[in-house]
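Novice: If you want our numbering, it's the 1-based position in the sequence shown plus 10. Just so you know, even glycine gets a beta-carbon here, dropped at the ideal spot from N, CA and C. Predicted model only: the values in this text are computed from it and were never measured.
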Amino acid sequence: MVRVQVCRRCGRINLPFKYRCKCGSREFDYIEMNIEGTLVATTKIFITPKGYPSPLLVGLVDAGNLKLLVRLEEEAPVGNVIEVVQADGGVLVGRPKKLVTDGS
Numbered sequence: 011m012v013r014v015q016v017c018r019r020c021g022r023i024n025l026p027f028k029y030r031c032k033c034g035s036r037e038f039d040y041i042e043m044n045i046e047g048t049l050v051a052t053t054k055i056f057i058t059p060k061g062y063p064s065p066l067l068v069g070l071v072d073a074g075n076l077k078l079l080v081r082l083e084e085e086a087p088v089g090n091v092i093e094v095v096q097a098d099g100g101v102l103v104g105r106p107k108k109l110v111t112d113g114s
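(1) Roughly how many angstroms separate the alpha carbons of S35 and R22, rounded to a whole number?
(2) Per DSSP, G69 is paired with what?
(3) My assumption, with CB atoms under 8 Å, is that P91 sits in contact with E46. Please give the rounded CB distance.
(4) Kindly list the residues whose CB is nearer than 7 Å to the CB of K32, restricted to its own chain and excluding five residues on each side of it in sequence; keep chain order.
(5) Would a C-beta distance cut-off of 7 Å place A86 and L49 closer than the cut-off?
(6) Let me check you understand the geometry: is the CB of R18 closer than 6 Å to at least one non-hydrogen atom of the ligand COA?
(7) Do you know whose CA, among E93, P63, V88 and V14, lies nearest M43's CA?
(8) Which residues in the same chain have their Cβ closer than 6 Å to the Cβ of V95, if we skip the five residues on either side of it in sequence?
(9) Counting along the chain, where does the beta strand (DSSP E) carrying F38 start and finish?
(10) Can you grab the Cα-Cα spacing for the pair T180 / S64, in whole Å?
(11) Alpha carbon to alpha carbon, how far is G99 from F56? Give it in angstroms, no decimals.
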């Protein structure tokens, strides 16, 4: 489950949180929701901040209206379904929900 911001005026979901919605409203509700999306790109970061493993696996997840940059728990090929969860400190973590292999 991931905590997201929902605009009270237009219903837009924001993640990361915004000071003001695109519709101009500053009134939001906050809810927990399941987020899944398709992994569209990955990269490895070899020089990482203190406390993070090297290499750090990072992926871009397309979850419809949300495009999220997440830390991947394990390597996964582009096209995989990724479940996005919120780790301590608000870091978004993605884990493969369904492994897609080449030729399947």
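Specialist: Straight from the coordinates:
(1) 10 Å
(2) T52 and V80
(3) Checking the displayed sequence, the identity of residue 91 turns out to be Val instead of Pro. About 6 Å separates the two Cβ atoms, so the contact holds.
(4) R22
(5) yes
(6) Of the ligands one can find in the structure shown there are none, so the ligand COA has no counterpart to examine.
(7) V14
(8) V103
(9) F38 to M43
(10) Given a span of 11 to 114 for the chain in the structure shown, any question on residue 180 remains unanswerable.
(11) 22 Å
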